[in-house]
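2 protein chains.
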Amino acid sequence: MKLKRIVIIGAVASGTKTAAKARREDPDAKITLITEEAQISYASCGTPYFISDIIKDSHSLIVREPDYFRKMLNIDVLTEHRAESIDLKAKNVEVKDLKTDQTITVAYDRLVLAVGASPNIPEFEGVEHGNILTLHNIPSANQIKSLIRQKKVKDALIVGGGFIALEMAESLIAHGINTRLIIRRDQILSNFDKDIAILVQNYIKTKEVQILEEDEVMEFKADTDGNVTSVVTKKQTLPAEFVLLATSIRPNVQLAKKAGVEIGRTGAIRVNEKLETNIPDIYAVGDCVETAHLLTGKPVWIPLATTSNKHGRVAGINITGGNDTFPGILGTFVVKVFDWTVAKTGLSENEANKNGFVTETIIVPSNDKTHYYPGSKRIIVKLVAEKESGLLLGAEIVGDGVVDKRIDVVASALTGKATIEQLSKYDLSYAPPYSSPMDPVITAANVLRNKLEGKTNSISPLEVKEKMDRKDDFILLDVRTKPEYDSGHLEGCLHIPLNELRSEMDQLDRSKEIVTYCGVGLRASHAHRILRNAGFEDTKFMEGSMAAWPYEIVK
Amino acid sequence: MKLKRIVIIGAVASGTKTAAKARREDPDAKITLITEEAQISYASCGTPYFISDIIKDSHSLIVREPDYFRKMLNIDVLTEHRAESIDLKAKNVEVKDLKTDQTITVAYDRLVLAVGASPNIPEFEGVEHGNILTLHNIPSANQIKSLIRQKKVKDALIVGGGFIALEMAESLIAHGINTRLIIRRDQILSNFDKDIAILVQNYIKTKEVQILEEDEVMEFKADTDGNVTSVVTKKQTLPAEFVLLATSIRPNVQLAKKAGVEIGRTGAIRVNEKLETNIPDIYAVGDCVETAHLLTGKPVWIPLATTSNKHGRVAGINITGGNDTFPGILGTFVVKVFDWTVAKTGLSENEANKNGFVTETIIVPSNDKTHYYPGSKRIIVKLVAEKESGLLLGAEIVGDGVVDKRIDVVASALTGKATIEQLSKYDLSYAPPYSSPMDPVITAANVLRNKLEGKTNSISPLEVKEKMDRKDDFILLDVRTKPEYDSGHLEGCLHIPLNELRSEMDQLDRSKEIVTYCGVGLRASHAHRILRNAGFEDTKFMEGSMAAWPYEIVK
């Protein structure tokens, strides 16, 4: 029997995982890994922590050396080799040895494209100057780290507001560098709803990161050595001896395109559930492919290390004659931003609406464990549901407490197509060091249930701000205690503590809309129900109240 | 309209929650809370942490004071009042004021039994001596704490091996007390499988807790003041100036029974999904009721604070004319034991088998985050699945890493009736500080999938030990490196490092059963597949390998 020849192009996460899994499935196949890079099987996700010195040695980011694949798995590894083209008829790949410039031809029975993604370089004037870099692999991380160390960078600019931008802002601040982040919109994290993103944004500002909002790079200026010295934006000119370009990335599809492999609407390679492309015997995995969103069924391109690893397993099974499928993703995402954790799964309110869902949402702050257990911290949960069915659609959770656990619970619930009511009854673990008897996710689900069932009515802080800005004629009612009110409240509010509300409600104009607020929304919700039960017709509570209010307060 | 009269007996978690929810649903109902105790709405789960001094003031365990219920929620609270009997015809409760001994009659339209559970007092000789206590509320916690402080207890005995026993062992060790735990069986945590329980047991022993296994209290001896001084067990006599009885608890059903309320097979009050008892207008909630197990459909009595809180909500809605249901539980459980977290959800292998499931299981140790991120720690995951369908049935997870997140993911997956294959493709969150690209639960699911699909065969450490004890004729093959082997290995093993296995396998007897092992099971599994592919017919790997091996090793 002729041995199966498996060729895999790309050797970071999905490529090496495919190779290793294929070997375990088929002890005899001839497997070849081809990569332009000198290193394989490394953890690019760890590079910001290497730059910040949390990880001292870039070597520890390498999961496996080429020799492990060669000796332990009997896999050929061609590093610093670039796949130039694919010959579909002859079923081979033309590969150039980047050290010798010689070209070889590698035949395949099954070909796997694991070619990843690359940073986009925006077309700013002067973007070619020295020390304007991207972060996408270990060499680029080493380059940034030496620059910071040797040049004693004082001012840095990060272009973009996504997760790499945020992780790198933290890394640069750790080195004592004046760090500015420039974003075109008025919010970081464009895949988040503004009401949540803005809370993260406010927090980051307390960590001395300057955020240039609704601004844009016009030009980079350089010194006589050609190294960047400053940036001219739409609004200002600022010093910068280091610029990180972190605007966006794109899938590497040139090789695939040239060979006639179908590219999807997202711009990434199109594959079916078995990770097959349109060309027989060519598979594609990892950051270069699009995948179905589990909630919309539509193709999305959300490159994630978790997907890459799962893809490797599925492809490794399928190319060796097995049968496995990859169902799709929720786009579950988590990032550490200083002492906060910022996470999302499923659809944001904005994304859900764009996809045609009529939604109901809630924002609920909670402690991450029992109030009495030391180290209990605040997290803010936003849940999104389909209004009619109550089907859970997504969550965004942020704060300095334990966020990742809750986002994983919601991701699991989304996979199980849970409704908000079902989620509210999940049997989650509890002991004082870990949670509350009502976990924050369950509490949020309960509050949203009340809203879905018409028992309560609420409004988000951003909507309240819009009402204030529009100068709507409504009563903003602070129901906290006097000391809480005195320590800071919203402009133009009326103050009646909750325990006086029953006796004092006659002073409220029943013809007006009343928005109650308190510390986290609990008392406000209670006040709202008291008023509603007393016949007030147009009353709502402000979700998350002061804990989720991202704007100015007065004293 | 006549106002609805709601009477709730019991005012810790489920009782107060029912009252508060009922008030939010019905602003006018007359609500009365009745309790024998002086305090209401307190967190009994926090008492071990109060005793250990992690929580300084027992007052902080009180969630709400009676006055909050009276003033803010307009709820009558009768503390130190005991409900003596229920008159079903007259629909009232006879209540004795424990301070005055006077009896009053409280009429109800809806009655809720939230009477909780109490510790069982085993019938040991001398169990009535002083300083032999149980821990079940704030006064008993205060009593234990003052005893420890004032009497300078040197030796303590805890009878039982459940979660209160373990939490209290930690609390007593924190006070420098010689702490012994006596258990009848050879394992603590009787709801866990032995292979996992024994790992916890070994860990606890390293924390200086002495565990008297397969032993039993025969008698307690006292000094002339009547205070306990020592314990005589089946095997030995030991000093003990403080004894904690933590063997088991039972639901408080006397009042219900007397009134003709149906008691279920578990010994707890039987209710339907709406939390109605067999008697019209009488509901029961919290620790005194049994509930359906979501996986077996059978009634179980697993009292949990999480259930109590959810029950309160459901009952609060239903007694005020609404319609809510409580679907059942998974028995999700977590406990902090020194620096380990010990958690379980769904069925253990043992429980699944007892319930008629044919199971397949796996034990997989993993790091809780990426290996390169500082503070990455080990957790050990055991998954249980139905063999034929691959349906997930439960998990036990232990270790000093982040366990609670993973148990909640499995609990969520169980609720969604996920198979192991589906779980292996969950889109969980990942960034280096939080997890690995393949979360430990996903890795474990993948390893179990291999087993379910017949690609691998494995054996648990306990089964290996049994084979060794039986002196089975098999080859135990250590495939680790020489330094690892030298640092300690299993008795009677053969050593061939994985990278030499292909060249050295000829020295292995093909007619014999071969069990491979390594550090955590990964290389062992790989070795097993190499041997199998080479035609070895009877080969398996030892799950979890050295990381899950709880017995002696040799050097």
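Chains R and G, in that order, give the protein sequences. If you're matching positions, the first sequence starts at 1 in this note's numbering and goes up one per residue. If you're matching positions, the second sequence starts at 556 in this note's numbering and goes up one per residue. Ideal Cβ placement from N, Cα and C applies to all residues, glycine included.
With burial defined as no fewer than 16 other Cβ atoms inside 10 Å of the residue's Cβ, what is the status of residue i: buried or exposed?
i	result
R:Ile121	exposed
G:Glu1021	exposed
G:Leu558	exposed
G:Thr602	buried
G:Thr761	exposed
R:Thr247	buried
G:Asp710	buried
R:Ile553	exposed
R:Val358	exposed
R:Asp186	exposed
G:Pro1016	buried
G:Gln791	exposed
R:Arg480	buried
G:Pro694	exposed
R:Asp195	buried
Round the Cβ separation of residue i and residue j to the nearest angstrom and send it over; I've been treating them as touching at under 8 Å.
i	j	result
R:Thr200	R:Val464	A small fix is needed here, since residue 200 of chain R is Val in this sequence, not Thr. The pair is not a contact, with the Cβ atoms about 19 Å apart (cut-off 8 Å).
R:Lys540	R:Asn457	4 Å
R:Pro440	R:Ile379	6 Å
G:Asn1054	R:Met72	6 Å
R:Val115	R:Ile183	The Cβ separation is near 29 Å, so there is no contact.
R:Met218	R:Glu125	7 Å
G:Leu1049	G:Asp1061	Not confirmed; about 13 Å, so no contact.
R:Glu37	R:Asn137	7 Å
R:Ile269	R:Val253	6 Å
R:Leu428	G:Thr862	Wrong, their Cβ atoms sit about 11 Å apart, outside the cutoff.
G:Ile884	G:Leu830	Not a contact, Cβ separation roughly 13 Å.
R:Pro365	G:Ile1085	Contact flag wrong, Cβ pair sits at about 54 Å.
R:Ile282	R:Leu113	7 Å
R:Leu596	R:Ile132	Because chain R here runs from 1 to 555, residue 596 of chain R falls outside it and cannot be looked at.
R:Asp215	R:Gly130	Not quite, the Cβ-Cβ distance comes to about 23 Å (not below 8 Å), so this is no contact.
Spell out the partners DSSP gives residue i in its beta bridges.
i	result
G:Asn922	G:Arg933
G:Ala903	In the sequence under discussion, the amino acid at residue 903 of chain G is Ser, which differs from the Ala named in the question. G:Ser903 pairs with nothing; no bridge assigned.
G:Ile766	G:Leu736
G:Ala847	G:Pro854
G:Trp895	G:Val892
G:Asn647	G:Asp642, G:Ala662
R:Glu396	R:Lys344, R:Lys382
R:Phe242	R:Ala156
R:Ile9	R:Ile34, R:Leu113
R:Asn227	R:Gly130
For residue i versus residue j, is the C-beta distance shorter than 8 Å?
i	j	result
R:Lys96	R:His81	yes
R:Thr291	R:Ala284	no
R:Tyr108	R:Arg24	no
G:Ala577	G:Thr875	yes
G:Thr900	G:Ala966	yes
R:Val7	R:Ile34	yes
R:Val409	G:Asp963	yes
G:Ser569	G:Gly841	yes
G:Leu767	G:Leu744	no
G:Leu1063	G:Leu1045	no
G:Glu911	G:Pro854	A small correction: the amino acid at residue 911 of chain G is Gly; Glu does not occupy that position in the sequence shown. No, these two residues do not count as a Cβ contact at 8 Å.
R:Asp538	R:Ile514	yes
G:Gly867	G:Thr573	yes
G:Glu1098	G:Ile975	no
R:Val231	R:Glu241	no
R:Gly390	R:Leu452	yes
G:Ala1102	G:Gly1074	yes
Can you find at least 3 beta carbon pairs, one from the region 590-600 of chain G and one from the region 890-904 of chain G, that sit closer than 8 Å?
-> no
Pairing CB atoms from the region 941-959 of chain G with CB atoms from the region 895-908 of chain G, are three or more of them under 8 Å?
-> yes
Do the region 717-736 of chain G and the region 908-926 of chain G make contact, defined as three or more Cβ pairs closer than 8 Å?
-> no
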